[in-house]
Amino acid sequence: MKAAVYSKNGGPEVFSYTEVADPKPGSNQVLIKVEVISIEGGDLSNRLLSAPPTSNYIVGYAASGEIIEIGADVSGFQVGQKVITFSWAGSHAELRAVDAASTYAIPEGMDPQLAIAAFIGVGTAALAIHLSAIQPGQRVLVSGATGGVGNAVVQLLVNDGIEVIATGRSANTLRSLDEFGVWKTVVSGETPIHEQVKKIDEHGVDVFIDTVGMEVLVDGMKAVKNGGKVVLIAGRAGEGNFIDPLYILSHRLTVIGCLLGAVMQEPFVGDLLHKSLRWVAEGKVEVPIHKVFKLADAESAHREAEKSGKFGRILMVP
Numbered sequence: 000m001k002a003a004v005y006s007k008n009g010g011p012e013v014f015s016y017t018e019v020a021d022p023k024p025g026s027n028q029v030l031i032k033v034e035v036i037s038i039e040g041g042d043l044s045n046r047l048l049s050a051p052p053t054s055n056y057i058v059g060y061a062a063s064g065e066i067i068e069i070g071a072d073v074s075g076f077q078v079g080q081k082v083i084t085f086s087w088a089g090s091h092a093e094l095r096a097v098d099a100a101s102t103y104a105i106p107e108g109m110d111p112q113l114a115i116a117a118f119i120g121v122g123t124a125a126l127a128i129h130l131s132a133i134q135p136g137q138r139v140l141v142s143g144a145t146g147g148v149g150n151a152v153v154q155l156l157v158n159d160g161i162e163v164i165a166t167g168r169s170a171n172t173l174r175s176l177d178e179f180g181v182w183k184t185v186v187s188g189e190t191p192i193h194e195q196v197k198k199i200d201e202h203g204v205d206v207f208i209d210t211v212g213m214e215v216l217v218d219g220m221k222a223v224k225n226g227g228k229v230v231l232i233a234g235r236a237g238e239g240n241f242i243d244p245l246y247i248l249s250h251r252l253t254v255i256g257c258l259l260g261a262v263m264q265e266p267f268v269g270d271l272l273h274k275s276l277r278w279v280a281e282g283k284v285e286v287p288i289h290k291v292f293k294l295a296d297a298e299s300a301h302r303e304a305e306k307s308g309k310f311g312r313i314l315m316v317p
């Protein structure tokens, strides 16, 4: 099979598109013919920061496709079925072997491209909202609101009648959120986010859901009222931008971690993922797709995914 691989970490230029051995499914795995790959934030971070454990390493969390082989101990799936798969690596390829426990049936009639575009983004958004236990009448700040996860958070909250303040780097891109009923928008940049939020509500927000990390996390946290909650989705940090524990203590903040891949085996998370796909299939949540690349051009796809100011998901097809 062909795959986009790299043998050292770094920028998108480390990719090469080459022939590698076909994967063989284990007894508890399925083998899929990959049809669509969704580039996730973790794919970018892993490629940039983590030295690959092997040469010709295949990165990638999420891919959808058709089952072409099933392991001896797998039940509940069949050859020819369209599914979404998740694993910590291996999506950037024509074929993928993955645990059946991390495989999810695509709802009947749903476009596989739309399904994989929605899976991580809407699923993570649903998990973040579940963990934060947002109550009617509360206000929520969402960073990176035009990205795949942030946009889904905004839509789910607005659907529940929550007032949302959305942040992003581009005023033009933030205007695209108007159709979803966002309450207020804040452009990050020269003026700190928390100062802009405090002009909207001097008391601050009840919950901050952060999908960006780094300085945006540190800044946005200061917009949360005493006793409020901060939900961490992005795990990135930069020098001088780490959370100050004393600030958390003195403002009685509750900090909640939200990493979908780490809890996928929890039954309630499986339910959230299936609900998320249904919401998208029924049109209750829209999933904008920014651009689709060929897998052979993974370098360009990753460069595009790293850009700020885009609206929607970046996908690849073999």
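Here the sequence shown stands for residues 0 to 317, numbered as in numbering that gives the first Met the number 0. Ideal Cβ positions, reconstructed from N, Cα and C, are used throughout, including at glycine. Nothing here was measured: the structure is a model prediction, and the numbers come from that model.
Below 8 Å on the Cβ atoms is my guess for V206 versus V286; work out the distance and round it to an integer in Å.
Your numbering for residue 206 matches position 207 in the sequence shown. Your numbering for residue 286 matches position 287 in the sequence shown. V206 to V286, Cβ: 23 Å. No contact.
From the DSSP output, in three-state form, read off S90 for me.
Taking the sequence shown and counting its residues from 1, the one referred to as residue 90 is at position 91. The answer is coil: DSSP assigns S90 none of H, G, I, E or B.
I need the straight-line Cα distance from I313 to V35, nearest angstrom please.
Translated into the one-based positions of the sequence shown, residue 313 becomes position 314. Translated into the one-based positions of the sequence shown, residue 35 becomes position 36. Those two C-alpha atoms are separated by around 11 Å.
According to DSSP, residues forming a beta bridge with T102
Taking the sequence shown and counting its residues from 1, one reaches residue 102 at position 103. T102 pairs with T84.
DSSP state of R168 mapped onto helix, strand, coil:
As a position in the sequence shown, residue 168 is number 169, starting the count at 1. Three-state DSSP puts R168 in coil, outside helix and strand.
Do you know how far the Cα of L126 is from the Cα of R46?
Your numbering for residue 46 matches position 47 in the sequence shown. Your numbering for residue 126 matches position 127 in the sequence shown. So the alpha carbons of these two residues sit roughly 25 Å apart.
Using the C-alpha atoms, what's the distance from D177 back to M213?
Sequence index remark: in the sequence shown, residue 213 carries index 214 (1-based). Sequence index remark: in the sequence shown, residue 177 carries index 178 (1-based). For M213 and D177, the distance between alpha carbons rounds to 26 Å.
Close beta carbons around K224, own chain, < 6 Å, minus the five adjacent residues each side:
Within the sequence shown, residue 224 is the residue found at index 225, counting from 1. Closer than 6 Å at the Cβ level, and outside the excluded window around K224, lie H202, G203.
With DSSP run on the structure shown, which of helix, strand or coil describes Y246?
Counting from 1 along the sequence shown, the entry for residue 246 is found at position 247. In the structure shown, Y246 sits in a helix (DSSP, three-state: H, G or I).
Quick one, are the C-beta atoms of V29 and I69 less than 7 Å apart?
Locating residue 29 in the sequence shown gives position 30, where the first residue counts as 1. Locating residue 69 in the sequence shown gives position 70, where the first residue counts as 1. Contact flag set, yes.
Buried or exposed (CB count within 10 angstroms, at least 16 for buried), R95
Mapped onto the sequence shown, residue 95 falls at position 96. Result: buried.
Neighbour-count burial assignment, G311, 16 or more Cβ in a 10 Å radius
Along the sequence shown, one-based indexing puts residue 311 at 312. By the neighbour-count rule (16 or more Cβ atoms within 10 Å), G311 is buried.
To which residues does DSSP link A2 through a beta bridge?
Your numbering for residue 2 matches position 3 in the sequence shown. In DSSP, A2 forms a bridge with T17, A92.
Pop quiz: I328 and S37 are said to be a contact at Cβ under 8 Å. What is the actual Cβ separation, rounded to whole angstroms?
The requested residue 328 does not occur in the structure, where the chain is confined to residues 0 to 317.
Chain-order list of residues whose beta-carbon lies under 7 Å from that of A295 (same chain, five-residue window excluded)
Residue 295 sits at position 296 when you count from the first residue of the sequence shown. Result list for A295: Y16, in chain order.
Quick one: grab the DSSP three-state call for A265.
Position 266 of the sequence shown, counting from 1, holds the residue named residue 265. Correcting the residue type first, residue 265 is Glu in the shown sequence and not Ala. Note: E265 maps to coil in three-state DSSP.
I need the DSSP call for H289, collapsed to helix, strand or coil.
The count along the sequence shown starts at 1 and reaches residue 289 at position 290. Correct three-state label for H289: strand.
Just tell me which of L272, T166, D200, G147 has its CA closest to the CA of A304.
One-based indexing of the sequence shown puts residue 304 at position 305. For the residues L272, T166, D200, G147, the minimum Cα distance to A304 belongs to G147.
Ends of the beta strand (DSSP E) at Q28?
For the purposes of this step, residue 28 is identified with residue 29 of the sequence shown, where counting begins at 1. 28-37 is the extent of the beta strand (DSSP E) around Q28.
A124 versus A300: straight-line alpha-carbon distance, rounded
Start at 1 with the first residue of the sequence shown, and residue 124 comes out as number 125. Start at 1 with the first residue of the sequence shown, and residue 300 comes out as number 301. Rounded to the nearest angstrom, the two C-alpha atoms are 23 Å apart.
What does a CB cutoff of less than 7 Å around G160 pick up in its chain, not counting 5 residues either side in sequence?
Within the sequence shown, residue 160 is the residue found at index 161, counting from 1. The answer, listed in chain order, is P135.
Which residues in the same chain as A116 place their Cβ atom closer than 7 Å to its Cβ, once the five residues preceding and following it in sequence are excluded?
Within the sequence shown, numbered from 1, the residue matching residue 116 stands at position 117. Excluding residues within five positions, the ones whose Cβ falls inside 7 Å are S37, V286, I288, R312, L314.
How big is the Cα-Cα spacing for G108 and T210?
Taking the first residue of the sequence shown as position 1, residue 108 is located at position 109. Taking the first residue of the sequence shown as position 1, residue 210 is located at position 211. Distance between the alpha carbons of G108 and T210: 31 Å.
Can you tell me where the beta strand (DSSP E) holding S63 begins and where it ends?
As a working note, residue 63 is residue 64 in the sequence shown. First-last of the beta strand (DSSP E) with S63: 61-69.
Helix, strand or coil at L258 [DSSP, three-state]:
Mapped onto the sequence shown, residue 258 falls at position 259. Coil.
Closest to S101 by C-alpha separation, out of I31, A50, V163, would be which residue?
The residue given as residue 101 occupies position 102 in the sequence shown. Nearest option by C-alpha distance: I31.
D243 to V82, Cα distance in whole Å?
By 1-based counting over the sequence shown, the position of residue 243 is 244. By 1-based counting over the sequence shown, the position of residue 82 is 83. If I take the Cα positions, the gap works out to 42 Å.
Kindly indicate which residue of A50, P11, F267, E18 has the alpha-carbon position closest to the one of A2.
The sequence position of residue 2 within the sequence shown is 3, counting from 1. Residue E18 is the option with its Cα nearest to A2.
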